[in-house]
Amino acid sequence: MSNSTYYAQECPTCGRKLQVRVKYLGKNVVCQHCSATFVAMDPASVVDPSDSGTSILDRAEQLIEAATRSGIGLSQLGLR
Ligand SMILES: [Zn+2]
């Protein structure tokens, strides 16, 4: 993976979208708009309670589908 991969994160101070280098995850970064300092966070690890139920179900369906396609079968997942 390249060190120049970016992800989008909102600045907690000014609320504007920033392009943060993935290699800065967990480190202090400076907002290019308001110069505030904050810790870069992986957006995938941020849980939104308003829709986490749906996304967990979606994720489970994807896993089951992938397992079925790869020939593991539902019985080995303990689902029947
Ligand atoms: Zn900012």
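Under the working numbering, the residues of the sequence shown are numbered 1495 to 1574, in order.
Yeah, the Cβ is synthetic: ideal placement off N, Cα and C, and Gly gets one too.
Is residue 1522 close to chain C? Criterion is C-beta to C-beta, closer than 8 angstroms.
Absent from the structure is chain C; it holds one protein chain and no more.
Quickly, what does DSSP pair residue 1502 with across the bridge? List them, please.
In DSSP, residue 1502 forms a bridge with 1513.
Over what stretch of residues does the beta strand (DSSP E) that includes residue 1531 continue unbroken?
That run of the beta strand (DSSP E) goes 1531 to 1533.
Do residue 1515 and residue 1498 have their C-beta atoms closer together than 8 angstroms?
In contact: residue 1515 and residue 1498 (Cβ atoms closer than 8 angstroms).
Which residues neighbour ligand 1 when neighbourhood means a C-beta less than 6 angstroms away from any of its non-hydrogen atoms? List them by chain order.
Here the residues come out as 1505, 1507, 1508, 1510, 1525, 1527, 1528 and 1530.
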